[in-house]
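**Q** Sharing a structure with you now.
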Amino acid sequence: MVEFVSIFLVVITTIIVIRVVYVISQSSKPVRNTSQKPLSTLVVLGSGGHTAEMINLLSVMQKDWFAPRYYIAAATDNMSLQKARVFEGILDDKGADGSQFMQIYRSREVGQSYITSVGTTLLALGHALWLMVKIRPHVILCNGPGTCIPICAIAFIFKVLGIRWSYIFYVESIARVKRLSLSGLLLYKLHMADQLFVQWPQLQKQYPQARYVGRLM
Amino acid sequence: MFKPISSHRLTNLRINYSFYQALPCPTCTIYNRSKNSPAHDTGNVLYSQFWQWKAPCYKMGGNNNHFESKKVVFVTVGTTSFDSLVTTVDSDQVKEALSEQGYTHLVIQMGRGSFIPKKSNGEDGSLVVDYFTFSSSIANYLQSASLVISHAGSGSIFETLRMAKPLIVVVNEDLMDNHQSELAEELAERKHLFCARPQTLCEVIKSLNLDTIVPYAPGDANPVAKLINKHLGFPAD
């Protein structure tokens with residue numbers, strides 16, 4: 001019985017490892033999208049400067065290819081969703097093409113104690129999972145702070161489990177000149193993003209797998 | 001160096017403008033204290049009405065005070081607080097340095113900070129000083145300014161650079177993860193702005209030379225969007 005369980009575990013682990021390697025290797029390859037159907041897009045908004053950069057990017061993207069669009073911002077950040085609403089020209093929570101605006105709990109506020117942050121982190125993860133199950137986006141666009149990490153991690157697990165294959169694009173904030181942010185570094189090291197852009201050439205030299213094609217601002 | 005407009009330039013300007021009275025006047029600033037605005041001492045008012053937008057105006061008829069009148073310095077700390085900047089800006093040395101550079105008005109957006117600057121109506125010939133906490137239309141204040149002194153947030157920096165206003169960025173050294181100085185220092189190296197710390201701000205103002213500024217060319221998001229499209233198999237154009 002013990003032998004059977006251990007063999008079973010080894011097999012499962014091997015399958016998962018192979019699947020993870022497969023997912024990572026496939027993620028960096030371009031997609032053959034023959035149907036050209038619109039892709040549901042999740043936009044993770046940061047605060048102030050991050051949001052401005054994201055809006056600049058969205059404003060040059062084809063709205064009909066990336067639809068519907070779901071905007072997520074931290075629950076403590078009212079400005080970002082407001083800016084997204086202005087950008088979309090939508091005043092309430094739902095747009096005509098199904099675009100939506102949502103808030104997500106943050107795992108840790110600035111200055112919060114570490115003991116209570118265990119609870120809030122679990123809450124934030126649960127909330128992110130719930131939103132991701134509901135949305136199951138094809139495309140995830142993010143450019144910044146911690147809010148996008150649980151989202152991207154869940155998206156990656158969905159990919160491994162075969163629930164939903166989503167394409168993750170990360171644009172490092174223009175404020176990062178010499179080093180990647182913690183979010184950027186995690187996505188880079190764990191190969192979770194399909195493409196990771198940086199906005200300064202000297203940063204690209206340090207992280208050769210990142211791409212530099214100019215600044216957003 | 002910024003100096004008060006010299007008299008012969010003034011004359012030229014006056015001659016030109018006397019023919020084009022309908023055009024907005026570029027040297028006239030747009031802020032005028034409203035007599036009806038509510039008292040503003042608590043520092044808790046979200047949308048300050050202390051300063052109100054007023055259309056540029058013409059005062060002709062041999063009165064050339066008008067042209068030398070207003071050069072506004074706008075100080076912004078963004079959505080948080082940055083008391084060490086507000087304290088520094090409100091100090092006599094900095095105010096004197098700004099006066100010497102020809103600035104006449106100082107408007108401070110102080111955010112959530114607890115340090116309240118001293119208001120002054122400039123009767124003794126010093127800077128006119130006023131402040132507010134937050135405003136929904138920072139852009140109007142930036143537009144009216146001849147010099148912007150800002151915290152190092154990328155939002156404020158690029159909004160100011162886009163308006164091609166001279167900018168001094170003051171890095172907040174109290175922040176734990178101080179990556180913000182990276183951006184300010186990089187842009188200062190490229191001569192798009194001046195970078196300072198609260199303790200060096202006065203020196204930076206004294207040695208301010210606006211002729212060295214290289215205008216900032218805005219970035220372009222199209223290459224990133226194209227690569228995303230290409231990756232997803234959408235036509236690249």
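For the protein sequence lines, the chains are C and B, in the order given.
Under my numbering, the residue at position 55 of the first sequence is numbered 55, and the numbers go up by one with no gaps.
Under my numbering, the residue at position 161 of the second sequence is numbered 161, and the numbers go up by one with no gaps.
The beta carbon of each residue, even a glycine, is placed where N, CA and C say it ideally should be.
Which word fits Q195(C), buried or exposed, when buried means at least 16 other C-beta atoms lie within 10 angstroms of its C-beta?
**A** buried
**Q** Looking only at C-alpha atoms, which of F132(B), A225(B), N140(B), C195(B) sits nearest to I157(B)?
**A** C195(B)
**Q** Hey, does S150(B) have any beta-carbon neighbour from chain C nearer than 7 Å?
**A** no
**Q** Buried or exposed: I15(C), going by 16 or more other Cβ atoms within 10 Å of its Cβ?
**A** exposed
**Q** Whose CA, out of H105(B), Y131(B), Q143(B), lies closest to the CA of G125(B)?
**A** H105(B)
**Q** Is it the case that the Cβ atoms of S91(B) and L127(B) are separated by a distance below 7 Å?
**A** no
**Q** Could you say which of G122(B), H151(B), F132(B) lies nearest to S114(B) if we only look at CA atoms?
**A** F132(B)
**Q** Can you tell me whether DSSP reads L142(B) as helix, strand or coil?
**A** Helix at L142(B).
**Q** Check whether chain B comes within 7 Å of R32(C), counting only Cβ atoms and requiring the distance to be less than that.
**A** yes
**Q** Residues of chain C with CB closer than 8 Å to the CB of P223(B), please, in chain order.
**A** V213, G214
**Q** Leaving aside the five residues before and after K159(C) along the sequence, list all residues of the same chain whose C-beta is less than 8 Å from its C-beta, in chain order.
**A** V23, S27, W165, S166
**Q** Could you work out which residues of chain B lie near D194(C), taking near to mean beta carbons separated by less than 7 Å?
**A** Scanning chain B for C-beta atoms nearer than 7 Å to the C-beta of D194(C) yields H231, reported in chain order.
**Q** Are G49(C) and G153(B) closer than 7 Å when you measure CB to CB?
**A** yes
**Q** Say whether chain C places a C-beta atom closer than 7 Å to the C-beta of I205(B).
**A** no
**Q** How big is the Cα-Cα spacing for Y105(C) and L210(B)?
**A** 45 Å
**Q** Put A128(C) into one of helix, strand or coil per three-state DSSP.
**A** helix
**Q** Can you check which of these residues, Q101(B), K165(B), F134(B), is closest to S207(B) by C-alpha distance?
**A** Of the listed residues, the one whose Cα sits closest to S207(B) is Q101(B).
**Q** Just the C-alpha distance for Q209(C) and M61(C), rounded to the nearest angstrom, thanks.
**A** 23 Å
**Q** Residues of chain C with CB closer than 8 Å to the CB of Q180(B), please, in chain order.
**A** A175
**Q** Pull up the distance between the alpha-carbon of M217(C) and that of A236(B), whole angstroms please.
**A** C-alpha of M217(C) to C-alpha of A236(B): approximately 21 Å in a straight line.
**Q** Taking 7 Å as the threshold (C-beta atoms), are P198(B) and S84(B) in contact?
**A** yes
**Q** With DSSP run on the structure shown, which of helix, strand or coil describes Y103(B)?
**A** Note: Y103(B) maps to coil in three-state DSSP.
**Q** Which residues in chain B have a C-beta closer than 8 Å to the C-beta of Y167(C)? List them in chain order.
**A** Residues of chain B passing the Cβ test: H231, L232.
**Q** Taking the DSSP output, what are the residues bridged to A221(B)?
**A** Bridge partners of A221(B): none, in fact.
**Q** Please classify Y141(B) as buried or exposed, where buried requires at least 16 neighbouring CB atoms within 10 angstroms.
**A** When all chains shown are included, Y141(B) counts as buried.
**Q** Assuming the contact rule is C-beta atoms closer than 8 Å, V72(B) and S144(B) should be a hit. Round their C-beta distance to whole Å, please.
**A** 6 Å
**Q** Assuming G214(C) and P223(B) form a contact by the criterion Cβ under 8 Å, report the distance between their Cβ atoms to the nearest whole angstrom.
**A** 5 Å
**Q** I want to see whether chain C comes within less than 7 Å of G155(B), judged by CB atoms only; does it?
**A** So yes, G155(B) belongs to the interface.
**Q** Distance check for V177(C) and S146(B), CA to CA, integer angstroms please.
**A** 28 Å
**Q** To the nearest angstrom, how far is it from the Cα of A74(C) to the Cα of L227(B)?
**A** 28 Å
**Q** Roughly how many whole angstroms lie between the Cα atoms of A221(B) and M1(C)?
**A** Approximately 59 Å, taken between the alpha carbons.
**Q** Under 9 Å Cβ-Cβ, which residues of chain C neighbour E186(B)?
**A** V177, K178, W200, Q202
**Q** Relative to the C-alpha of G233(B), which candidate in I12(C), Q36(C), I18(C) has its C-alpha closest?
**A** Comparing Cα-Cα distances from G233(B) to each of I12(C), Q36(C), I18(C), the minimum goes to Q36(C).
**Q** Could you list which residues in chain B have their beta carbon closer than 9 Å to that of L81(C), in chain order?
**A** Near L81(C) there are no residues of chain B at all, since even the closest Cβ is about 15 Å away, more than 9 Å.
**Q** By alpha-carbon positions, which one of E3(C), E172(C), Y114(C) ends up nearest to Q199(C)?
**A** E172(C)
**Q** Provide the residue(s) that pair with I140(C) in DSSP beta bridges, ordered along the chain.
**A** Residue pairing for I140(C): DSSP places it in a beta bridge opposite L42(C), I168(C).
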